[in-house]
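Visitor: If you scroll down you'll find the structure; I have some questions about it.
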Amino acid sequence: MILLIISLYQIFPAPASLLYPLNDLKTIMIKQEALYSGKAKTVFKTDNTDKFIMEFRNSLTAFDGKKKSEARGKGYYNAQISQTLFKFLEEKGIKTHFDHMLSDTEMVVDAVEIVLIEVIVRNIAAGSITKKYPFKTGDKLNPPIIIFDYKSDEFGDPMINDDMALAMGLATKAELEEIRKLSLKINSILVEYLAGKNLLLPDFKLEFGRRKGNIVLADEISCDTCRFWDRTTGESLDKDVFRFDKGDLVAAYREVAKRIVPGIKL
Ligand SMILES: Nc1ncnc2c1ncn2[C@@H]1O[C@H](COP(=O)(O)OP(=O)(O)O)[C@@H](O)[C@H]1O
Ligand SMILES: [Mg+2]
Numbered sequence: 000m001i002l003l004i005i006s007l008y009q010i011f012p013a014p015a016s017l018l019y020p021l022n023d024l025k026t027i028m029i030k031q032e033a034l035y036s037g038k039a040k041t042v043f044k045t046d047n048t049d050k051f052i053m054e055f056r057n058s059l060t061a062f063d064g065k066k067k068s069e070a071r072g073k074g075y076y077n078a079q080i081s082q083t084l085f086k087f088l089e090e091k092g093i094k095t096h097f098d099h100m101l102s103d104t105e106m107v108v109d110a111v112e113i114v115l116i117e118v119i120v121r122n123i124a125a126g127s128i129t130k131k132y133p134f135k136t137g138d139k140l141n142p143p144i145i146i147f148d149y150k151s152d153e154f155g156d157p158m159i160n161d162d163m164a165l166a167m168g169l170a171t172k173a174e175l176e177e178i179r180k181l182s183l184k185i186n187s188i189l190v191e192y193l194a195g196k197n198l199l200l201p202d203f204k205l206e207f208g209r210r211k212g213n214i215v216l217a218d219e220i221s222c223d224t225c226r227f228w229d230r231t232t233g234e235s236l237d238k239d240v241f242r243f244d245k246g247d248l249v250a251a252y253r254e255v256a257k258r259i260v261p262g263i264k265l
């Protein structure tokens, strides 16, 4: 049937608007059962074993799941911010799991084996680091600090070092080096890019995965996983609005989307 439509298009050239569905053929993908439903997203299998669909939901948690809520529009803004940043990083030579958007809140990604390490990159002190170490909120951290946490809800994502990651078999030495190098590169690309949007990036969390023997950036980069501060006012435009009841969470996420997602529908 599809082949028939394609050959008809070739015989009778159609206006660009009619050709649009053909350009979209790659988005025909059969969504199968949910593989995993996490705190903010659901990962679905597809008919293609190399691809997953990642749906950004409106649910929110903070403080290891102790605080929970729903915010209409949150999934949409996070999905849009994530896709923009993944595409931008790809242009800068960073390999990511991003393939394409299936809908406003669903992202088709390469299926990867997630490395169970959450990489936290810190440029400016905020949050937990100011409680456990002698840093004050707003202190500039130079050089940026890279922290590895063991990704485990059961153990409360404890901080680990390279020896612990090796002893737990989370990654090889070469993978840890690659992850550190990529994280620093992603950090400098994002800090510069966001400065152009009048945003500071105090800290953020990354997840990486294994795909065909390579380490690729996975998961999301969004207002749930980054601290974004307005450069002029210092206002939080991220999940801290929810953590510390600082106001309208969706308005904050919308503001970040407005600044970085070209042509976003608000
Ligand atoms: N490309 C991918 N392939 C497989 N799993 C992924 C991929 N990208 C992200 N994930 C995983 O999917 C889950 C996304 O859902 P999320 O709500 O963030 O879960 P969590 O509660 O574990 O943080 C995460 O566990 C993340 O590690
Ligand atoms: Mg997550």
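Mapped onto numbering that gives the first Met the number 0, the consecutive letters of the sequence shown carry residue numbers 0 to 265. Backbone N, C-alpha and C define an ideal beta-carbon position, used for all residues, glycine too.
Using C-beta distances below 6 Å, list every residue in its chain close to residue 219, excluding the 5 sequence neighbours before and after it, in chain order.
Guide: Beyond the five residues adjoining it in sequence on each side, residue 219 comes within less than 6 Å, by CB distance, of 81 in the same chain, given in chain order.
Visitor: Just reading off the beta strand (DSSP E) that residue 68 is part of, what are its end residues?
Guide: Here the beta strand (DSSP E) through residue 68 covers 66-69.
Visitor: Buried or exposed for residue 74, going by 16 or more other Cβ atoms inside 10 Å?
Guide: buried
Visitor: Please state whether the Cβ-Cβ distance between residue 30 and residue 56 is less than 8 Å.
Guide: no
Visitor: Could you tell me the alpha carbon to alpha carbon distance between residue 256 and residue 194, rounded to whole angstroms?
Guide: When the Cα atoms are used, residue 256 and residue 194 turn out to be separated by approximately 15 Å.
Visitor: Considering only the alpha carbon of each residue, which of 44, 117 and 242 lies closest to residue 66?
Guide: 242
Visitor: Based on the DSSP output, what are the partners of residue 257 in its beta bridges?
Guide: According to DSSP, residue 257 bridges with nothing at all.
Visitor: Let me know if residue 244 comes out buried or exposed under the rule of 16 or more other beta-carbons within 10 Å of its beta-carbon.
Guide: exposed
Visitor: Roughly how many angstroms lie between the CA atoms of residue 207 and residue 237, to the nearest whole one?
Guide: 22 Å
Visitor: In the DSSP assignment, what are the bridge partners of residue 54?
Guide: 41 and 105
Visitor: Let me check you understand the geometry: is the CB of residue 38 closer than 7 Å to at least one non-hydrogen atom of ligand 2?
Guide: yes
Visitor: Compute the distance between the beta-carbons of residue 116 and residue 147, then report whether it is under 8 Å.
Guide: yes
Visitor: Leaving out the 5 sequence neighbours to the left and right, which residues in its chain are closer than 8 Å to residue 35 when beta-carbon positions are compared?
Guide: 41 and 42
Visitor: Considering only DSSP beta bridges, list what residue 60 is partnered with.
Guide: DSSP output for residue 60 lists 67 as bridge partner(s).
Visitor: In the DSSP assignment, find the alpha helix (DSSP H) that holds residue 208 and state where it starts and stops.
Guide: Here residue 208 belongs to no alpha helix (DSSP H); instead the beta strand (DSSP E) covers 198-210.
Visitor: In three-state terms, what does DSSP make of residue 241?
Guide: helix
Visitor: Hey, out of 224, 188 and 191, whose CA is closest to residue 203's CA?
Guide: Nearest option by C-alpha distance: 224.
Visitor: What did DSSP end up calling residue 170 once you bin it into helix, strand or coil?
Guide: In this structure, residue 170 counts as coil in the three-state DSSP scheme.
Visitor: Applying the criterion that 16 or more other CB atoms from any shown protein chain within 10 Å of the CB defines a buried residue, is residue 136 buried or exposed?
Guide: exposed
Visitor: Specify the secondary structure class of residue 12 as computed by DSSP and reduced to three states.
Guide: Residue confidence is low: residue 12 scores 45 on pLDDT, short of 50, so the model does not pin down where it sits. No coordinate-derived value is stated.
Visitor: With DSSP as the reference, label residue 81 as helix, strand or coil.
Guide: helix
Visitor: Nearest-angstrom Cα distance between residue 251 and residue 213?
Guide: 35 Å
Visitor: Only counting the same chain, and skipping five residues up and downstream in sequence, which positions put a Cβ closer than 7 Å to that of residue 260?
Guide: 79, 80 and 83
Visitor: With 16 other CB atoms within 10 Å as the buried threshold, where does residue 269 fall?
Guide: There is no way to answer for residue 269, as the model of the chain reaches only from 0 to 265.
Visitor: As a quick exercise: from 222, 198, 170 and 181, pick the residue whose alpha carbon is nearest that of residue 112.
Guide: 170
Visitor: Run through the DSSP bridge pairs and tell me what residue 216 is partnered with.
Guide: 95 and 207
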